[in-house]
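Here's the structure, in structure tokens; my notes come after.
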Amino acid sequence: MTRDSSREPLADYHRKRDFATTPEPSGETAQADSAAQRSFVVQRHRARNLHYDLRFEIGGVLVSWAVPKGPTLDPSVRRMAVHVEDHPMEYADFEGVIPQGEYGGGDVIVWDRGTWEPHGTDDPAAAVAHGELHADLHGEKLRGRVVLVRTDSAGDGGDGRKDQWLLMHKHDQDAVDGWDPEDHPRSVLSGRTNDEVKVDPARRWHSELPAAEASEAVRTETRGVGDEELGALADLGRQGTWEVFGRRLKVTNLDKVLFPPRAGEDPVTKRDFLRYVAQVAPISVPYLEGRALNLNRFPDGAGGKSFWHKEVPDHAPGWLPRWTNPLADDGETQTYLVADEPAALLWAANFGALEWHPWTSRTAEPERPTYALFDLDPGDDTSWEEVLTLARLHRTAFEKLGVRAQPKVTGRRGIQIWVPIRAGLAFDETRAWVEQVSRTVGAVVPELVSWKWQKRDRKGRARLDYTQNAINKTLVAPYSTRPAAGAPVSMPIGWHELDDPDLRPDRWTIRTAPQRIAERGDLFTGVLVQDQELPPFA
Ligand code: MN
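Everything in the sequence shown is counted per the working numbering, starting at 4 for the first residue and increasing by one.
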């Protein structure tokens, strides 16, 4: 006897879960079929083993198969698929984390979704019961006709044994030879990968609430500075002592203009700047802590002279976290600021540090980078559209290589991409890898790229700068300001935003960045998961 989902469709689902602790939806109600617009969803689920859950709306529930290698458009491939218990409709949009130790514990993204129609039957539940379902898919990734055929009707009969099926794609106009789901790893809901969702889940599920109310957005604003602290800054005169993040900070020249205005805006004062730094310091610290910080100081504001300031001065407060570099020679910087807490970044801001450049390595292992860095540096004649072309080509390279990489706009004209890695490689190894990837990309569009060292020799073309992968060479931190009119910010973006016609490299300033961060969360957290090995480059 095969499984019969008509009597108690969610019985298995409920039996396997403890709804007091799991964030998954509990699915109290099952709606009647809306046969005209049946939905399907594919969730990429990293539980004990990675698999893709392919779910079809049938009879008001999600009839489901777990596909270890994932669905494909490649018509020559047969995928093993295990028929698993039905899920409630509310589960279709679930993207987040299931607690470890729970059934299915791990992270889940909505990898694809869309509508579908059964082919050759108007009773898909009966087709499933008979062991063969033909379905026409209209998803964002999956399209065309797939066939599911049962190969082993052991059934589960309530004893937990699953029936085995094969999943195939027909030779139709949507078929693509060699198509691999792992080349398309991002959520169609959020643009995020499983790793990004894992370290910063956008949603949690409160299973004690009804399913319709149970999903809570989890965002970073609760970690921010308090209104009282911001009010105290506004109330200070030209200078004073500001109590913020548990420290007493002497702040000076608060009404001095640090950034000239953009057209139609007011100039940005030091008070405005400190307010912004207080707002972003809590989400910036994870990218700075445990790392030496090079400060680009502009004592007379963004239009004035600047210089690199690395040595912590004698007058710095005693609580300021710092690190003395054991590798430093005489005459080199000995002791660096380490922004291990939000107040340390505010201290640097009051000191005129308009740009924050953390080291690529940690102080614990200064010769071992934890990021491989790509700097897409436009030349004088490079258009923004051409920068986007270069960024998209890099995105394709990372997808082919199976490498997780995070883009951000620089706040000036370019885009940077940070690739988190497990510490262990030397800088010359990460530099060589970045050079290889970028030279491969550059060969696709040789008219856009120059490899000349000197800027004047580049004839206005872009540089794919791999040379920043070196000790004590740095790129600007996420959320750091840049020294230009309006105080633009280096802002993390989702890869899908490369296709947003409104994207600009200096789109966000200190006046608009807090709102963006409140709405989208911190899109750069993926770089904090430093578990990747750089794949050999074929
Ligand atoms: Mn699953």
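Backbone N, C-alpha and C fix where the C-beta goes; we use that ideal spot for every residue, glycine too.
Nonlocal neighbours in the same chain, by C-beta distance under 8 Å from residue i, ignoring five residues either side
{"i": "R371", "result": "S364, R365, A426, G427, L428, A429"}
{"i": "L531", "result": "V202, P289, Y290, P423"}
{"i": "D180", "result": "D77, P78, S79"}
{"i": "L65", "result": "V44, R58, F59, D89, H90, P91, M92, Y94, A95"}
{"i": "D36", "result": "Bear in mind that the predicted position of D36 carries a pLDDT of just 45, short of 50, making it unreliable; the figure below should be weighed with that in mind. Cβ neighbours of D36 beyond the five flanking positions: E60, I61, G62, G63."}
{"i": "V390", "result": "L379, P381, R416, G417, I418, A465, P508"}
{"i": "G240", "result": "L257"}
{"i": "N353", "result": "L252, K253, V254, T255, K273, L277"}
{"i": "V200", "result": "E98, G99, V100, D110, V111, I112, S190, S193"}
{"i": "P324", "result": "L340, V341, A342, D343, E344, A347"}
{"i": "A487", "result": "F262, A305, G414, R415, D509"}
Test item: CB-CB of residue i and residue j under 9 Å
{"i": "L379", "j": "A394", "result": "yes"}
{"i": "L396", "j": "V448", "result": "yes"}
{"i": "A237", "j": "R274", "result": "yes"}
{"i": "G194", "j": "E500", "result": "yes"}
{"i": "H141", "j": "H122", "result": "no"}
{"i": "T484", "j": "E292", "result": "no"}
{"i": "A205", "j": "G497", "result": "no"}
{"i": "F262", "j": "L349", "result": "no"}
{"i": "R416", "j": "T385", "result": "yes"}
{"i": "R442", "j": "S453", "result": "no"}
{"i": "H54", "j": "G73", "result": "yes"}
{"i": "V191", "j": "W114", "result": "yes"}
{"i": "Q167", "j": "A84", "result": "yes"}
{"i": "E143", "j": "R116", "result": "yes"}
{"i": "L478", "j": "L376", "result": "yes"}
{"i": "P410", "j": "P495", "result": "yes"}
{"i": "S309", "j": "R300", "result": "yes"}
{"i": "K403", "j": "D186", "result": "yes"}
{"i": "Y374", "j": "Q533", "result": "yes"}
{"i": "R41", "j": "T124", "result": "no"}
{"i": "R153", "j": "H86", "result": "yes"}
Three-state class that DSSP yields for residue i in the structure shown
{"i": "W311", "result": "strand"}
{"i": "K411", "result": "strand"}
{"i": "V2", "result": "There is no way to answer for residue 2, as the model of the chain reaches only from 4 to 541."}
{"i": "P539", "result": "coil"}
{"i": "G142", "result": "strand"}
{"i": "I520", "result": "helix"}
{"i": "E31", "result": "Unreliable positioning characterises E31 in this predicted model, as indicated by a pLDDT of 43, which lies under 50. The coordinate reading is nonetheless provided below. Reduced to three states, the DSSP call for E31 is coil."}
{"i": "T392", "result": "helix"}
{"i": "R461", "result": "helix"}
{"i": "H318", "result": "coil"}
{"i": "Q40", "result": "helix"}
{"i": "F430", "result": "helix"}
{"i": "G267", "result": "coil"}
{"i": "V530", "result": "helix"}
{"i": "T244", "result": "strand"}
Nearest-angstrom beta carbon gap, residue j and residue i [assumed within contact, 8 Å]
{"i": "L296", "j": "P361", "result": "5 Å"}
{"i": "R49", "j": "G109", "result": "4 Å"}
{"i": "P538", "j": "G405", "result": "6 Å"}
{"i": "G529", "j": "R407", "result": "6 Å"}
{"i": "R265", "j": "V341", "result": "R265 to V341, Cβ: 33 Å. No contact."}
{"i": "A480", "j": "T512", "result": "Actually they do not touch by this definition, with Cβ atoms about 16 Å apart."}
{"i": "Y482", "j": "R434", "result": "About 26 Å; that fails the 8 Å criterion."}
Endpoints, alpha helix (DSSP H) assigned at residue i
{"i": "G234", "result": "230 to 238"}
{"i": "I286", "result": "273 to 291"}
{"i": "D525", "result": "Premise fails: D525 is in no alpha helix (DSSP H) and is neither H nor E."}
{"i": "E199", "result": "197 to 202"}
{"i": "H133", "result": "127 to 133"}
{"i": "L170", "result": "Here L170 belongs to no alpha helix (DSSP H); instead the beta strand (DSSP E) covers 166 to 172."}
{"i": "A352", "result": "345 to 353"}
Span of the beta strand (DSSP E), counted from its first residue to its last, around residue i
{"i": "E358", "result": "356 to 361"}
{"i": "Q419", "result": "418 to 423"}
{"i": "V64", "result": "64 to 70"}
{"i": "W182", "result": "Run containing W182: none; DSSP gives neither H nor E here."}
{"i": "N299", "result": "296 to 300"}
{"i": "P121", "result": "109 to 121"}
{"i": "K253", "result": "250 to 254"}
Other residues of its chain near residue i: CB distance less than 7 Å, five sequence neighbours each side excluded
{"i": "H133", "result": "none"}
{"i": "Q337", "result": "E314, T327, N328, A331"}
{"i": "D155", "result": "D166, Q167"}
Close beta carbons around residue i, own chain, < 6 Å, minus the five adjacent residues each side
{"i": "R222", "result": "The predicted model places R222 with a pLDDT of 49, which falls under 50 and marks its position as unreliable; any figure quoted below should be read in that light. Only G524 meet the Cβ criterion."}
{"i": "V150", "result": "H137, M171"}
{"i": "Q34", "result": "With a pLDDT of 42 at Q34, under the threshold of 50, the modelled position of that residue is not reliable, and no figure is offered here."}
{"i": "R461", "result": "G382, S453, K455"}
{"i": "R82", "result": "V70, K72, L170"}
Below-9 Å beta-carbon distance, residue i vs any chain B residue
{"i": "L277", "result": "The structure shown contains no chain B; it is built from a single protein chain."}
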